[in-house]
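Residues 2 to 188 (the working numbering) make up the sequence shown, in order.
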Amino acid sequence: RTPPSLSLTMTTIDEIASLLDAAELNYGRADGSIRTGFATDVYEDQEGDNCLHLVIGLQEDGELVRILAPMAYRVPPKTGPRRLAAIQSTLNQINWESRVVQYEMDTEDGEIRLAIDFPLEDGKLTELQLTRMLRLMPNVADQCHVGLRRAIEEGVALPTEAALRRELEQFVKSLPEERGTPPPDAT
């Protein structure tokens, strides 16, 4: 009898390849992982191409699918503390807003990558789950590219939700009051 902690339904790279075949997505295999890529509208890789390169791998004996966009960005060596703070603040804000995709920064070599960790435990990965994750990566990369690039190149952090709310409140307070028209909540 198999102990409950040992899953007989762990996912394999071959199964992921079959799901990609079923979804008619192009990919290659190398080093026990699957490599693929998706066109982007805004995001540009280090060569200036509108493409996000992805690596799909398994961890924890096939119970965790990890999708990475390695080297999506690189923080230049000897980047100063003000710019590093802006980059970290921007990454934190992006991660706060994103439900599934997370940005990770390796402070040793400056790599910034996108990542999705999808725990399967004793379940099976489906084509719909896999394709949703794969298509989400370039969408998030497009949405965050300009802000992250600005943080890396200029040291300007993305504003937080609270900062945007304060700016809006200050703007509203600075507007001249209209005379003769009662406020909408005055009755």
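Glycine residues also receive a C-beta, built at the ideal position from the N, C-alpha and C atoms.
The Cβ atoms of L115 and A73 sit closer than 8 Å to each other.
Our two residues, C145 and D50, have alpha carbons roughly 16 Å apart in a direct line. G58 sits away from T12, with the two beta carbons spaced by 8 Å or more. Assignment of G111 by DSSP, reduced to helix, strand and coil, places it in the coil class. It is roughly 8 Å from the alpha-carbon of R84 to the alpha-carbon of A158.
Taking all protein chains in view, the Cβ of V43 is surrounded by fewer than 16 other Cβ atoms within 10 Å, so the residue is classified as exposed.
Shown here, R67 sits in a strand according to DSSP, grouped into three states.
In its chain, beyond the 5 residues on either side, V56, R114, A116 have a beta carbon closer than 6 Å to the beta carbon of L69. Contact between V66 and S99 is ruled out by a C-beta separation of about 17 Å, above the 8 Å threshold.
About 5 Å separates the beta carbons of F39 and L53, which is inside the 8 Å limit, making them a contact pair. By the CB criterion at 8 Å, T161 and Q94 fall inside the cutoff. Nearest Cα to M106 within the set P77, P120, R133, K125: P77. The residue from L149, A23, P82 with its alpha-carbon nearest to that of Y104 is L149.
Taking every protein chain shown into account, the CB of P82 has fewer than 16 other CB atoms within 10 angstroms, so this residue is exposed. In the structure shown, V102 falls within a coil segment according to DSSP collapsed to helix, strand and coil. The continuous stretches of alpha helix (DSSP H) do not include Q60, which lies in the beta strand (DSSP E) extending over residues 52 to 60. Between D110 and the set M134, T80, G124, the nearest pair of CA atoms involves T80. For M11, the secondary structure class from DSSP, reduced to helix, strand or coil, is coil.
Rounded to the nearest whole angstrom, the C-alpha separation of W97 and A163 is 12 Å.
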